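Residue numbers (the numbering used here), protein chains in the order written: chain R, 1 to 268; chain W, 1 to 521. Even glycine gets a Cβ: it sits at the ideal position worked out from N, Cα and C. It should be emphasised that the depicted structure is a prediction, and the values quoted were computed from it without experimental measurement. Scroll down for the structure; my scribbles are underneath it.
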């Protein structure tokens, strides 16, 4: 309940443009003939943590992947509708997808550090952007690792392989890798489902600290996690956005019957 | 009806299966070991000195018998009658000859302690009993002074070479230039040069005479004498008196000669250096050509090509290309690379030298290119396998950091797939080093006067024909029908080819292990 005093709770159904990080308008998405997302419209608030919950296959990961157009990688994916970031439609044909992905970082379910050194992992994105200066890279790596609360653990072995880190460290390394690009939005696709409870807690605390820097969108299966970390929660069911409001309301007095059934564990 | 299942208990059935599989596996091992043993034993025999006998045999052709010093080998024929292969020299064949003698024509055979195997510079061998040396002053020093006299001969040879290189060849060039400029025969410059040339030539003749006065006097088994100039002698081995240590020294120097010198006497003696060099160089060139081609093709097939029937058809045909007989590639290389491509290059760039072809003739580059085409499927298949093993999560991670497809391939996918690529390269090297048939069509020859790499611009002569160990072995296999020495040289070349393939493979495996460690997943 402390959260209430930290900042006022916004009405997500009626956000002003200044408060909006991402705006989704009538998004429809198909994989082949399968209609995965149906008429999604929502606004995601800036510098807040928004959680997406729902059954497996309800389209929540697909929706998150639409925010950095990672769905483009899958053959047979088509979409209609718009997603606005900084006032431009990222679904537009002329959108520079590489630049978009540096603005919208993403962390996946399984930690996926590259088989390179810790340093090279964190500086990967920057080097792709053409940053070559040694000092510039050093500084960026250090601050990204500090933001991801990993610096103290790895500062003496930056040039050792990232593969020797533990699962939780690897996941924080992947977060640092995304943070090094100073993204506006950070997408977390079930970031803790492969981790143990203690490490999960650690990552959750990290998220709370990160929201000052960027907008965070998290997909999770874990309702307690959504309730613990998120400011706003969206419930998806079979490709439709059922309910989207602040987390306290959604988890205590959901409006829709489907939401209530899901959060009380009657299905899903 | 009683089936096997009912007759045996499960435990028996299991041990039955194990026995059969183990039996077949050991059969395979046995075949492998016997190949190795055969090649090592027969190849090693080329270097191991065989004893010299004093043999008396009857020659039915001339209806006479003769006594010779000889090295003898048994060639067993069918029906059990033994036939000896005899390498000997006598007054009528002083520099060695070979004949086949049936066992019942061999009258007498005894070890000849005093006899020696005298290897000459030109690759021939004299089997005779050395008596004493002969020097310029007409003195007859004993055999123990051999080394000392040999030193003097070598000093003289060096002096002759020096005169040839510093004076004679220079004068010769100047004279040739005068010829080109059409200077008259009695021009003073020409006369002066001619006089100079004659002076130095006289000196070399004198030195040569001095040198050739040093000789070794030998006796054949029938008592006739021969004097061999020391300058012609490479080595005198009194095989029958040698200790083990001396024999090992002889083997070592024989191996060195084998590795470092050119073949002599139509590839039946001397060394195989040009063939060894040609093989390794061809394989290197092939690797340099095939790796980028194969890797890029595999990257396209696995990362860019749409997943449809056409791509599947390409994949199947790539795999099938690996099964095409190699001679077909040879014919393709000859028809397309040598005649079509090389011919057109000649028309475009070397038109002034036509009709003599420059590129339109078999050569090292076309051979390497043909081998690259031949090994391309191997590299493509192995690389694709390596690319498929790159986890999708890593690719997604790279895209999520703003990498384009090309950047992802370059910085993430290829490094992780590099052990797979190396596997393909290893297989390609193993295949290319052992292939002979296509090479004979596109550039490998029995004897090439020049190495493809030398000090002359442009240093690497890709248009030259080259020697290859496989071709040498093929050639040796034909000699072997009449000639035991040639046959052992063939086995020695086989052994060397195995060693070359092994070493190249080891190098590639070491590299792969390093890459694996680095990109451990």
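{"Asked": "Short of 7 Å in beta carbon distance, which residues of its chain neighbour residue 1(R), apart from the five on each side in sequence? Order them along the chain.", "Found": "Reliability of the predicted coordinates at residue 1(R) is poor, the pLDDT of 46 falling under 50, and the value obtained from them is presented with this limitation in mind. Result list for residue 1(R): empty, nothing under 7 Å."}
{"Asked": "Could you check whether the region 48-57 of chain W touches the region 226-246 of chain W, counting it as contact only if at least three pairs of C-beta atoms, one from each stretch, sit closer than 8 Å?", "Found": "yes"}
{"Asked": "Do you know offhand how far residue 109(R)'s Cα is from residue 207(R)'s?", "Found": "15 Å"}
{"Asked": "Does residue 586(W) come out as helix, strand or coil in the three-state DSSP assignment?", "Found": "No answer is possible for residue 586(W): it lies beyond the span of chain W, which begins at 1 and ends at 521."}
{"Asked": "Leaving out five residues on either side along the sequence, give the residues of the same chain with a beta carbon under 7 Å from the beta carbon of residue 268(R).", "Found": "Because the pLDDT of residue 268(R) is 47, which lies under 50, any placement of that residue in the model is unreliable, and the number read from its coordinates should be weighed accordingly. Counting only Cβ-Cβ distances below 7 Å, and skipping sequence neighbours, we find 55 and 262."}
{"Asked": "Within a Cβ cutoff of 7 Å, which residues of the same chain sit near residue 358(W), ignoring the five residues on either side of it in sequence?", "Found": "346, 350 and 463"}
{"Asked": "Where in the region 117-196 of chain W do unbroken runs of the beta strand (DSSP E), each at least 3 residues long, occur, reported from the N-terminal end onward?", "Found": "125-134"}
{"Asked": "By how many angstroms is the C-alpha of residue 245(R) removed from the C-alpha of residue 255(R)?", "Found": "10 Å"}
{"Asked": "If we count the other Cβ atoms within 10 Å of its Cβ and call it buried at 16 or more, is residue 324(W) buried or exposed?", "Found": "exposed"}
{"Asked": "In chain R, what lies closer than 8 Å to residue 455(W) by C-beta?", "Found": "Chain R residues near residue 455(W): none, gap ~42 Å exceeds 8 Å."}
{"Asked": "Among 131(R), 117(R), 68(R) and 76(R), which one has its Cα closest to the Cα of residue 106(R)?", "Found": "68(R)"}
{"Asked": "Let's test the definition: count the other Cβ atoms within 10 Å of the Cβ of residue 205(W) and tell me whether it reaches 16, buried, or not, exposed.", "Found": "exposed"}
{"Asked": "Assign residue 328(W) to buried or exposed, taking buried as 16 or more other Cβ atoms, counted over all protein chains shown, within 10 Å of its Cβ.", "Found": "exposed"}
{"Asked": "Buried or exposed: residue 39(R), going by 16 or more other Cβ atoms within 10 Å of its Cβ?", "Found": "exposed"}
{"Asked": "Is residue 468(W) closer than 8 Å to residue 278(W) when the C-beta atoms are compared?", "Found": "yes"}
{"Asked": "Which same chain residues, not among the five before or five after residue 219(R), have their C-beta less than 6 Å away from its C-beta?", "Found": "52, 60, 61, 64, 189 and 190"}
{"Asked": "Output yes if chain R places a C-beta closer than 8 Å to the C-beta of residue 270(W); else output no.", "Found": "no"}
{"Asked": "Classify residue 303(W) as helix, strand or coil using the three-state DSSP reduction.", "Found": "helix"}
{"Asked": "Quick check on the DSSP output: the beta strand (DSSP E) that includes residue 158(R) runs from which residue to which?", "Found": "From DSSP, residue 158(R) is part of no beta strand (DSSP E); its letter is neither H nor E."}
{"Asked": "Do residue 148(R) and residue 179(R) have their CB atoms nearer than 8 Å?", "Found": "yes"}
{"Asked": "Determine, for residue 59(R), whether the minimum Cβ-Cβ distance to residues of chain W falls below 8 Å.", "Found": "no"}
{"Asked": "Where do the N-terminal and C-terminal ends of the alpha helix (DSSP H) with residue 244(W) fall, by residue?", "Found": "244-260"}
{"Asked": "Residue 221(W) and residue 68(W) - do their beta-carbons sit closer together than 8 Å?", "Found": "yes"}
{"Asked": "Can a CB atom of chain R be found closer than 8 Å to the CB of residue 416(W)?", "Found": "yes"}
{"Asked": "Counting along the chain, where does the alpha helix (DSSP H) carrying residue 10(W) start and finish?", "Found": "10-47"}
{"Asked": "How would you call residue 16(R), buried or exposed, if buried means at least 16 neighbouring beta carbons within 10 angstroms?", "Found": "exposed"}
{"Asked": "Taking the beta strand (DSSP E) that residue 414(W) belongs to, which residues open and close that run?", "Found": "No beta strand (DSSP E) contains residue 414(W), which is instead part of the alpha helix (DSSP H) from 414-434."}
{"Asked": "Touch check for the region 381-401 of chain W and the region 298-308 of chain W: three-plus C-beta pairs under 8 Å?", "Found": "yes"}
{"Asked": "In this structure, how does DSSP classify residue 241(W) when only helix, strand and coil are distinguished?", "Found": "helix"}
{"Asked": "So which of 501(W), 31(W), 512(W) and 489(W) has the shortest CA-CA distance to residue 270(W)?", "Found": "489(W)"}
{"Asked": "So residue 269(R) and residue 29(R) are in contact, right, with Cβ under 8 Å, and what is the actual spacing, rounded?", "Found": "No answer is possible for residue 269(R): it lies beyond the span of chain R, which begins at 1 and ends at 268."}
{"Asked": "For the 8 Å Cβ check, are there 3 or more pairs between the region 166-184 of chain W and the region 215-234 of chain W?", "Found": "no"}
{"Asked": "Alpha carbon to alpha carbon, how far is residue 176(W) from residue 193(W)?", "Found": "11 Å"}
{"Asked": "Tell me whether residue 123(R) sits in a helix, a strand or coil according to DSSP, three-state version.", "Found": "helix"}
{"Asked": "Can you give me the Cβ contacts of residue 243(R) inside the same chain, cut-off strictly under 7 Å, excluding the 5 residues immediately before and after it?", "Found": "235, 250, 254, 255, 256 and 259"}
{"Asked": "State yes or no: is the beta carbon of residue 124(R) nearer than 8 Å to at least one beta carbon in chain W?", "Found": "yes"}
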